[in-house]
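Novice: Residue numbers (the UniProt record's numbering), protein chains in the order written: chain A, 1 to 232; chain B, 1 to 232.
Shown below is the structure under consideration.
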DNA sequence: TTGCCCCAGATTGTTGAACAATCACCGGAA
DNA sequence: TTCCGGTGATTGTTCAACAATCTGGGGCAA
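What follows is the structure, given as structure tokens:
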């Protein structure tokens with residue numbers, strides 16, 4: 001799908017939401033498109049073209065860009081505009097740095113709460129794996145990790161995790177996704193839920209920490225591969 | 001100092017910073033004023049008055065407001081404008097929820113690094129305490145907790161902590177600050193550094209967790225007191 | 001008097017056009 | 001080839017206007 005097609009598609013969304021929060025509405029539309037991979041990492045987002053497509057003024061569009069830039073969904077370079085973020089190796093390291101503190105802490109120190117969301121995510125991941133759906137597995141996995149952080153019951157931490165997971169989606173979009181990457185983690189997640197329900201919080205946290213370290217290394221290797229291919 | 005004085009003072013700052021990042025410049029000026037307590041919690045920030053005072057258009061000012069609202073420094077109510085945030089009891093609970101996960105995690109799981117910033121903050125706090133400077137103690141304490149999170153080496157977590165601490169300053173501004181509140185924590189912080197240097201990370205984290213819980217309870221009690229006084 | 005509706009004034013939300021500043025590209029000179 | 005300078009395109013910022021919404025108060029009925 002070319003960028004022209006995307007713009008044409010966006011033109012169809014130009015209904016409601018006039019006045020009061022138009023900027024945020026634009027931001028959510030773009031966020032959605034980027035998360036779905038319709039706007040590939042690195043794509044330049046022209047103010048004029050997008051504004052015309054969404055039926056919104058450049059000023060309002062700019063407000064949306066500011067919000068997305070704060071979320072690292074989009075990269076803004078002064079006088080050169082914004083483009084869909086393309087996470088670097090350093091970005092991946094930073095993402096996992098955040099996750100390696102947030103997720104084990106939530107597992108280890110949260111008050112006992114309902115963890116059906118965790119079990120549900122594991123179940124969905126198994127179904128997706130058995131159906132051979134890569135995107136299904138990725139989605140279920142994201143839901144699992146979001147649920148882990150949600151144990152802490154903090155809106156701020158949930159928001160941070162949401163943003164980090166959105167950036168993770170960008171990472172996946174800029175590399176080839178295959179079943180082999182996601183599959184092993186399905187049962188790791190299941191094991192974490194077991195440990196958590198057995199009250200072995202420290203062990204659950206330790207397992208998760210190790211697993212996040214391995215995932216990071218795998219991604220970094222894949223990214224290195226990818227970029228050397230791109231160079232050749 | 002009346003709001004009129006503040007505006008007059010701001011008018012003097014209208015030099016440089018034309019083009020390229022004016023919006024962020026305005027945001028930083030406001031952030032500074034709010035952190036210093038010159039703009040009290042609850043103050044309404046009129047677009048027209050502020051824009052005129054800073055010599056900046058309403059559109060640019062709006063961009064600054066968006067940034068500050070994302071940081072919870074300012075509260076934005078649609079069609080009713082923005083005002084300096086006045087943290088509620090729930091906000092305080094949320095702040096401490098974030099801190100009770102972030103800070104112990106940084107203590108417990110960070111790679112061994114240089115912790116002279118921690119020692120330095122403790123030293124500054126002791127000096128401020130001995131000099132009877134409440135604001136000095138508050139500043140040193142904030143520096144200590146920022147340094148704790150900085151152990152993790154994550155820009156994102158640092159940023160989150162910075163925002164949380166900025167909100168803490170607002171909490172202090174909306175209540176009477178006294179020496180008795182800050183003093184006991186000076187030696188607690190010193191003890192945490194000792195434990196950390198002795199390699200007793202888990203103990204350091206546990207001490208911090210308990211201390212944060214107590215601080216939260218104290219603040220909630222103080223806020224309840226304050227608001228009942230305000231009502232009478 | 002008390003409570004409610006509705007209206008005018010003020011403020012915010014959004015737009016479109018304009019100009020300044022900066023960048024990317026391209027052709028010519030050494 | 002490499003460097004330099006101009007030119008067009010895009011972004012950064014301002015301004016003025018209008019639409020939408022809120023606030024406060026006056027009049028009206030109970």
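Beta carbons are placed, not taken as given, at the ideal position from N, Cα and C, and that holds for glycine.
These figures come from a predicted structure and were not determined experimentally.
Hey, which unbroken runs of the alpha helix (DSSP H) at 4 residues or more fall wholly within the region 30-117 of chain B?
Specialist: 47-54, 58-70, 89-109
Novice: Ends of the alpha helix (DSSP H) at residue 197 of chain B?
Specialist: 179-197
Novice: Is the Cβ of residue 133 of chain B closer than 8 Å to any Cβ of chain A?
Specialist: Not one chain A Cβ lies under 8 Å of residue 133 of chain B.
Novice: Given a threshold of 16 other Cβ atoms within 10 Å of its Cβ, counted over all protein chains shown, does residue 143 of chain B qualify as buried or as exposed?
Specialist: buried
Novice: Suppose the cutoff is 7 Å on Cβ atoms and the five residues either side in sequence are ignored; what does the same chain contact list for residue 26 of chain A look like?
Specialist: 54, 56, 60, 61, 64
Novice: So, for residue 101 of chain B: in the same chain, excluding its five sequence neighbours on each side, which residues have a beta-carbon less than 7 Å away from its beta-carbon?
Specialist: none
Novice: What residue does the alpha helix (DSSP H) around residue 157 of chain B start on, and which one ends it?
Specialist: 155-173
Novice: With a 10 Å radius around its C-beta and 16 neighbouring C-beta atoms as the bar for buried, classify residue 184 of chain B as buried or exposed.
Specialist: exposed
Novice: In three-state DSSP terms, what is residue 232 of chain B?
Specialist: Residue confidence is low: residue 232 of chain B scores 45 on pLDDT, short of 50, so the model does not pin down where it sits. Its coordinate-derived value is still stated next. For residue 232 of chain B, the secondary structure class from DSSP, reduced to helix, strand or coil, is coil.
Novice: Which residues in chain B have a C-beta closer than 7 Å to the C-beta of residue 235 of chain A? List them in chain order.
Specialist: Any property of residue 235 of chain A remains undetermined from this structure, which presents chain A solely from 1 to 232.
Novice: List the residues of chain B whose Cβ lies closer than 8 Å to the Cβ of residue 252 of chain A, in chain order.
Specialist: Because chain A in this structure spans residues 1 to 232, residue 252 of chain A falls outside the shown range and cannot be described.
Novice: Given a threshold of 16 other Cβ atoms within 10 Å of its Cβ, counted over all protein chains shown, does residue 36 of chain B qualify as buried or as exposed?
Specialist: exposed
Novice: Roughly how many angstroms lie between the CA atoms of residue 194 of chain B and residue 122 of chain B, to the nearest whole one?
Specialist: 11 Å
Novice: Among B/204, B/81, B/29, B/172, whose alpha-carbon lies nearest the alpha-carbon of residue 139 of chain B?
Specialist: B/172
Novice: Would the beta-carbon of residue 74 of chain A fall within 8 Å of that of residue 103 of chain A?
Specialist: With contacts defined by Cβ atoms closer than 8 Å, residue 74 of chain A and residue 103 of chain A do not form a contacting pair.
Novice: Can you have a look at residue 116 of chain A and say buried or exposed, based on whether 16 or more other CB atoms are within 10 angstroms of its CB?
Specialist: exposed
Novice: Under 8 Å, CB to CB, which of the residues in the region 92-108 of chain A have a partner in chain B?
Specialist: 94, 97, 98, 100, 101, 102, 104, 105, 106
Novice: Going along the region 151-185 of chain A in order, which residues come within less than 7 Å of chain B, judged by CB to CB distance?
Specialist: Hits within the stretch, in order: 152, 153, 154, 155, 156, 157, 160.
Novice: Between the C-alpha atoms of residue 111 of chain A and residue 199 of chain A, what's the straight-line distance to the nearest angstrom?
Specialist: 11 Å
Novice: Who are the neighbours of residue 67 of chain A on chain B, taking C-beta pairs under 8 Å?
Specialist: Below the 8 Å Cβ cutoff, chain B contributes 66, 70 as neighbours of residue 67 of chain A, in chain order.
Novice: Do you know how far the Cα of residue 159 of chain B is from the Cα of residue 222 of chain B?
Specialist: C-alpha separation (whole angstroms): 27 Å.
Novice: Once the 5 residues before and after residue 165 of chain B are set aside, which same chain residues still bring their CB inside 8 Å of it?
Specialist: Same-chain partners within the cutoff: 142, 145, 146.
Novice: Determine, for residue 81 of chain A, whether the minimum Cβ-Cβ distance to residues of chain B falls below 8 Å.
Specialist: no
Novice: Along the region 41-68 of chain A, what residues have a CB closer than 8 Å to any CB found in chain B?
Specialist: 59, 62, 63, 66, 67
Novice: With a cut-off of 8 Å on the beta carbons, I'd call residue 39 of chain A and residue 84 of chain A a contact; round off their distance for me.
Specialist: 5 Å
Novice: If you draw a straight line from the alpha carbon of residue 124 of chain A to that of residue 167 of chain A, how long is it in whole angstroms?
Specialist: 22 Å
Novice: For residue 92 of chain A and residue 68 of chain A, I'd like the C-alpha separation in whole angstroms.
Specialist: 18 Å
Novice: Between which residues of its own chain and residue 107 of chain B is the CB-CB distance below 8 Å, once the five residues before and five after are set aside?
Specialist: By the criterion of a C-beta distance shorter than 8 Å, residue 107 of chain B is surrounded in its chain by 148, 151, 192, 196, 201, 204, 205, 208, once the five residues flanking it on both sides are discounted.
Novice: Can you find a C-beta in chain A that's less than 8 Å from the C-beta of residue 213 of chain B?
Specialist: no
Novice: Under 8 Å by Cβ, that's how I've got residue 72 of chain B and residue 163 of chain B pegged, so tell me the actual separation to the nearest angstrom.
Specialist: 7 Å
Novice: Can you name the start and end residues of the alpha helix (DSSP H) that residue 133 of chain A belongs to?
Specialist: Note, residue 133 of chain A: premise wrong, no alpha helix (DSSP H); not H, not E.
Novice: When we look at the beta-carbon of residue 170 of chain B and count the other beta-carbons within 10 Å, is it buried (16 or more) or exposed?
Specialist: buried
Novice: For residue 66 of chain B versus residue 98 of chain A, is the C-beta distance shorter than 8 Å?
Specialist: no
Novice: Got a sec: does the ligand PLP put a non-hydrogen atom nearer than 7 Å to the Cβ of residue 155 of chain A?
Specialist: Only the bare structure without any ligand can be found here, which leaves the ligand PLP out of the picture.
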